[in-house]
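Q: Residue numbering for the sequence shown is 1 to 145, as defined by my numbering. Virtual Cβ for every residue (Gly too), placed ideally from N, Cα, C. Everything numeric in this text was worked out from a predicted model, so none of it was measured.
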Amino acid sequence: MAITTSAITSSFKNQLLNGTHDFAASGGDKFKLALYTDSSVIGPSLASFTTAGQVTDSTGDYSSGGKVLTGQTHKLSGTTAIVDFADLSYLTATITAMGALIYNTSQANKSVAVLDFVSNKTSTSGTFTIQFPNFTDTLAIIRLA
Numbered sequence: 001m002a003i004t005t006s007a008i009t010s011s012f013k014n015q016l017l018n019g020t021h022d023f024a025a026s027g028g029d030k031f032k033l034a035l036y037t038d039s040s041v042i043g044p045s046l047a048s049f050t051t052a053g054q055v056t057d058s059t060g061d062y063s064s065g066g067k068v069l070t071g072q073t074h075k076l077s078g079t080t081a082i083v084d085f086a087d088l089s090y091l092t093a094t095i096t097a098m099g100a101l102i103y104n105t106s107q108a109n110k111s112v113a114v115l116d117f118v119s120n121k122t123s124t125s126g127t128f129t130i131q132f133p134n135f136t137d138t139l140a141i142i143r144l145a
C-alpha cells in the first residue's frame with residue numbers, strides 16, 4: 001500500500017488532549033523524521049514509528065529511524081497553532097523516498113504526522129533535503145485550526 005495522504009496522525013490528535021507532546025524550543029520533546037518507500041504502510045492511523053517500508057541508503061548517511069529534527073518552534077497564528085522545524089538534509093545519500101514520518105522519540109516514538117511526497121524523490125550519492133514549508137497558518141508543516 002502506498003502513502004496516499006499527508007496528515008496529522010489520529011493518535012497525535014488524541015494525545016494532544018492529554019498533553020503528551022511538548023514542542024517547546026528549549027527543553028521540549030525530541031522529534032525525528034524517518035523516510036519511507038512507496039511500498040510503506042504509513043498513514044494517518046499509524047500510532048508510532050515503524051521500520052517497515054523505511055528507505056535504505058547504500059552510501060550510509062541515512063540510518064534506520066532517520067534524523068533528529070532541530071530548530072523546532074511553535075506559535076499561534078491567528079486562530080491556528082503552527083509548528084516548524086529547520087530543514088533537514090542527508091548528505092552523500094542514495095535514497096528514493098515517497099514520504100516521511102515525523103515522530104516523538106521523547107514519547108515512546110509516537111507518531112505526529114505523515115508526509116506524502118506525491119511522487120518518488122531521489123538522490124544518488126548527493127544531498128537529500130527535506131525543506132519545510134513557510135511558517136504560516138496556511139502552510140506550516142503542522143497546523144491545528
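(1) Count the other C-beta atoms from every protein chain shown that fall within 10 angstroms of the C-beta of V114, then say buried if there are 16 or more, exposed otherwise.
(2) F49 by DSSP, collapsed to three states: which one?
(3) What is the residue span of the alpha helix (DSSP H) that S10 lies within?
(4) For Y62, which residues in the same chain have their Cβ closer than 7 Å to its Cβ, ignoring the five residues on either side in sequence?
(5) Using the Cα positions of G60 and T79, report the straight-line distance between them to the nearest angstrom.
(6) Going by DSSP in three states, Q107 sits in which element: helix, strand or coil?
(7) For the stretch 32-51 and the stretch 2-19, state whether three or more C-beta atom pairs, one from each stretch, are separated by less than 8 Å.
(8) What does a CB cutoff of less than 7 Å around N104 pick up in its chain, not counting 5 residues either side in sequence?
A: This is what the structure holds:
(1) buried
(2) coil
(3) 10-16
(4) L35, V55, Y90, A93, I95
(5) 42 Å
(6) helix
(7) yes
(8) H21, D29, F31, K110, V112
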